[in-house]
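Written below as structure tokens is the structure these notes are about.
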Amino acid sequence: NDSYSFFKQTGYLIVTGPTGTNVMDLRVFLLRAA
Numbered sequence: 386n387d388s389y390s391f392f393k394q395t396g397y398l399i400v401t402g403p404t405g406t407n408v409m410d411l412r413v414f415l416l417r418a419a
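This is the structure in structure tokens:
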């Protein structure tokens, strides 16, 4: 359960900073060009 270290090593770590909310949802959408 150490996703921080994993994504930091891969270069895909997203640091958003404090949001002031207690929502822990992240949605990612992948779209293909038609």
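Each residue of the sequence shown is one higher than the last, beginning at 386 in this note's numbering. Heads up, the beta-carbon is just placed ideally off N, CA and C, and yes, glycines get one too.
Query                                                                                                                                                                       : Result
Looking at C-alpha atoms only, which residue of Gly405, Thr406, Ser390 is the closest neighbour of isoleucine 399?                                                          : Ser390
In chain order, what residues of the same chain have a beta carbon less than 8 Å from the beta carbon of asparagine 386, not counting five sequence neighbours either side? : none
What residue does the alpha helix (DSSP H) around threonine 395 start on, and which one ends it?                                                                            : 388–395
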